[in-house]
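So the structure is just underneath, and the comments pick up after that.
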Amino acid sequence: MLNFRQRLVLTHWTVIVVIVACSALAGWWQLSRLVHGQLDAALLTLADTEAGMQVESHGQPVRVHERPPGSAPPSLVRLDRLVQIVNAKGEILARSSNLGDAMLPAPPTLLDELASGGEAVFQTLPSFGEEPLRMVSLPAVANGKPVVIQVAGSLDDVHNVLESATILFGIMAAALLAAVGAAGSVLTRRAFRGINDVVKQARLIGDANLGERLPHPGTTDEIGQLVDTLNAMLDRLEQAFDQQRRFTADASHELRSPLSRLRTEIEVTLRRPRESQEYVDTLRSCLDEVGRLTRLIEELLMLARFDAGQDRQAGEPQALDALIAETLLRATPAARERQVELVARSEAAGGAKVSHGSVGLVLANLVDNALKFSPRGSKIVVDCAADAHHATLRVTDEGPGIPPDELPFLFDRFFRGAGARASENEGVGLGLALSQSIIHAQGGHIEAANGPDGGAVFTVRIPLALREAGS
Numbered sequence: 003m004l005n006f007r008q009r010l011v012l013t014h015w016t017v018i019v020v021i022v023a024c025s026a027l028a029g030w031w032q033l034s035r036l037v038h039g040q041l042d043a044a045l046l047t048l049a050d051t052e053a054g055m056q057v058e059s060h061g062q063p064v065r066v067h068e069r070p071p072g073s074a075p076p077s078l079v080r081l082d083r084l085v086q087i088v089n090a091k092g093e094i095l096a097r098s099s100n101l102g103d104a105m106l107p108a109p110p111t112l113l114d115e116l117a118s119g120g121e122a123v124f125q126t127l128p129s130f131g132e133e134p135l136r137m138v139s140l141p142a143v144a145n146g147k148p149v150v151i152q153v154a155g156s157l158d159d160v161h162n163v164l165e166s167a168t169i170l171f172g173i174m175a176a177a178l179l180a181a182v183g184a185a186g187s188v189l190t191r192r193a194f195r196g197i198n199d200v201v202k203q204a205r206l207i208g209d210a211n212l213g214e215r216l217p218h219p220g221t222t223d224e225i226g227q228l229v230d231t232l233n234a235m236l237d238r239l240e241q242a243f244d245q246q247r248r249f250t251a252d253a254s255h256e257l258r259s260p261l262s263r264l265r266t267e268i269e270v271t272l273r274r275p276r277e278s279q280e281y282v283d284t285l286r287s288c289l290d291e292v293g294r295l296t297r298l299i300e301e302l303l304m305l306a307r308f309d310a311g312q313d314r315q316a317g318e319p320q321a322l323d324a325l326i327a328e329t330l331l332r333a334t335p336a337a338r339e340r341q342v343e344l345v346a347r348s349e350a351a352g353g354a355k356v357s358h359g360s361v362g363l364v365l366a367n368l369v370d371n372a373l374k375f376s377p378r379g380s381k382i383v384v385d386c387a388a389d390a391h392h393a394t395l396r397v398t399d400e401g402p403g404i405p406p407d408e409l410p411f412l413f414d415r416f417f418r419g420a421g422a423r424a425s426e427n428e429g430v431g432l433g434l435a436l437s438q439s440i441i442h443a444q445g446g447h448i449e450a451a452n453g454p455d456g457g458a459v460f461t462v463r464i465p466l467a468l469r470e471a472g473s
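Below you can see the structure in the form of structure tokens.
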């Protein structure tokens, strides 16, 4: 089976063949008309001249005006014009000497047509004598009587010209097709050389060398744009693979730590017999570790589903004010334990509705994160506002804030700053990453900053629930 380059060359060559063939046929047809027309014009001119001379020779015997042929015998091999004059009955009145005893055809139908006022009639005589002839019959008057002057000429010259033109056209067409085919082959080979290099390099790129890129041809044509697009895709793939590797390594580390603590605690407990209360304390400690493992696995599973495009349903809409009140109510016990005040502020949120499941989870994560870093006696403020299409949530705490060098990495998976590592309620660094995935899946945006008076400020902007339009 032909490859694409060969099919392209073949198609190009076929189109050129059709164009050249049509051009050659059109040129040959035009040339044929031209040389036949020239012969017809020459024959008609001679017939008109003879008709005029018959008028001037009034009263003299009808004869063909020609130079004396000398002693040469009549022959049709000569290129002289053959002239014949016949009356209305088809009887020969005169003829040129080169006709000899031959007679140009003068059928009654032709004579009747000319007698009825017809003009010159052209005929082709394919089998007259040794060669084909072209003949014109012209009505005239000689000595006051109607006659027909017939002039014939050989078609050999016409055929020779057309044969020579056919050979010339064939040679030119063959040369043109050869040149076009060679040029097309060179051009396609040169054009596909860059594609072949790209294909070879692409076959060598795998997950172990995603840092390599396809060779650029150095042009801005379609091939250059294709290489740019593929290299950009490789950039995204490399970034995704790196993120996946880091995610796998971090997840393995985070899973290994609590499992190691569980194993150590159980091994220490089993080294010697203990009181029942000690076993109870060990089981409770193990239960806490299992709880942290469960939360970690649930968050990992949720992130994996978001990465796979699952679990992105907006859920049932809920009034923004009610969602904030519900979230703060659930966080009240933890806030009382830490002696932190929870404050909700609404700026014309009205009956704005957002997704209960996704936004509720994000808001709970942000409030829980603020509680971890809020000192005793401080407060956490949740502001909400809404316009025609979007809702804006802002969670502000009075904690130590976020170090500027940690802000760019705050939403990375498993990232924990120095403050997070020193906290009593150490997390695994997935809450903010999960919140960002949820908000982005809903077409929103989340960002973190430091407040002007200290503390961290998390701002979420998310589209309102679509069902609000019908409410």
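Counting in the numbering used here, the sequence shown runs from 3 upward without gaps. Ideal placement from N, C-alpha and C gives every residue a C-beta, glycine not left out. Predicted model, so just to flag it, every value in this text is computed and none were measured.
Which whole-angstrom value describes the C-beta separation of residue i and residue j, a residue pair presumed to lie in contact below a C-beta threshold of 8 Å?
i: alanine 96; j: valine 150; result: Incorrect: roughly 12 Å between the Cβ atoms, too far for contact.
i: proline 377; j: glutamate 343; result: Their Cβ separation, rounded to whole angstroms, is 12 Å, which puts proline 377 and glutamate 343 out of contact at 8 Å.
i: leucine 466; j: histidine 392; result: 6 Å
i: valine 364; j: valine 384; result: Contact flag wrong, Cβ pair sits at about 12 Å.
i: glycine 403; j: glycine 456; result: 5 Å
i: alanine 154; j: leucine 135; result: 4 Å
i: arginine 340; j: leucine 373; result: 6 Å
i: leucine 101; j: glutamine 152; result: About 10 Å; that fails the 8 Å criterion.
i: leucine 178; j: proline 141; result: That pair is no contact at about 49 Å.
Report the residue from the options whose alpha carbon sits nearest the alpha carbon of residue i.
i: alanine 49; options: Met304, Ala180, Gly446 and His67; result: His67
i: leucine 84; options: Ala144, Leu157 and Val20; result: Leu157
i: glycine 54; options: Ile268, Val143 and Val342; result: Val143
i: phenylalanine 130; options: Asp114, Ala104, Ser139 and Gln152; result: Ala104
i: alanine 451; options: Leu436, Pro405, Ala443 and Gln341; result: Pro405
i: arginine 347; options: Arg248, Ala324, Arg273 and Thr13; result: Ala324
i: aspartate 159; options: Arg192, Gln241 and Asp42; result: Asp42
i: cysteine 288; options: Arg276, Trp31, Arg265 and Phe375; result: Arg265
i: asparagine 211; options: Pro219, Asp237, Asp199 and Leu368; result: Asp237
i: tyrosine 281; options: Pro148, Ile268, Glu291 and Gly293; result: Ile268
i: serine 139; options: Pro128, Leu112, Gly146 and His161; result: Leu112
i: leucine 228; options: Ala204, Gln241 and Gly208; result: Ala204
i: glycine 293; options: Glu277, Gln279 and Leu261; result: Leu261
i: valine 11; options: Arg136, Asn162 and Arg192; result: Arg192
i: leucine 432; options: Asp370, Thr47, Thr461 and Gln341; result: Asp370
i: glycine 172; options: Ser118, Gly29 and His255; result: Gly29
i: proline 319; options: Lys355, Leu45 and Ser360; result: Lys355
i: leucine 436; options: Met304, Leu395 and Ala336; result: Met304
i: phenylalanine 416; options: Ile299, Trp31, Val462 and Arg286; result: Ile299
i: threonine 394; options: Thr284, Asp290 and Val462; result: Val462
i: leucine 285; options: Arg297, Ala306 and Arg263; result: Arg263
i: serine 99; options: Lys381, Leu170, Asn233 and Arg65; result: Arg65
i: glutamine 241; options: Asp209, Ala336, Ala327 and Leu4; result: Asp209
i: alanine 308; options: Met174, Ala443 and Met235; result: Per the sequence shown, residue 308 should be read as phenylalanine rather than alanine. Answer by Cα proximity: Ala443.
In the DSSP assignment, what are the bridge partners of residue i?
i: valine 22; result: Paired residue(s): none; valine 22 is not in a bridge.
i: isoleucine 151; result: Ile87 and Leu140
i: threonine 398; result: Val383 and Val459
i: serine 376; result: DSSP lists no partner for serine 376.
i: arginine 347; result: Asp385
i: alanine 450; result: Phe460
i: histidine 392; result: Pro465
i: valine 356; result: Gln320
i: leucine 135; result: Leu127 and Ser156
Between which two residues does the beta strand (DSSP E) holding residue i run?
i: leucine 127; result: 123-127
i: leucine 84; result: 84-89
i: isoleucine 464; result: 458-465
i: leucine 95; result: 94-97
Starting from residue i and walking both ways along the alpha helix (DSSP H), at which residues does that stretch end?
i: glutamine 203; result: 158-206
i: glutamine 320; result: Premise fails: glutamine 320 lies in the beta strand (DSSP E), 319-321, not in any alpha helix (DSSP H).
i: proline 110; result: 110-117
i: glutamate 240; result: 224-271
i: isoleucine 440; result: 433-443
_Would you call the stretch 324-332 in contact with the stretch 403-414, where contact means no fewer than 3 C-beta pairs closer than 8 Å?_
no
*Are there three or more Cβ pairs, one per stretch, closer than 8 Å when the stretch 177-192 is compared with the stretch 32-42?*
no
*Would you be able to state if there are at least three C-beta pairs under 8 Å between the stretch 266-276 and the stretch 243-253?*
Contact fails: fewer than three Cβ-Cβ distances are below 8 Å.
*Touch check for the stretch 172-184 and the stretch 10-23: three-plus C-beta pairs under 8 Å?*
yes
*On the three-pair Cβ rule with 8 Å, is the stretch 192-199 touching the stretch 214-233?*
yes
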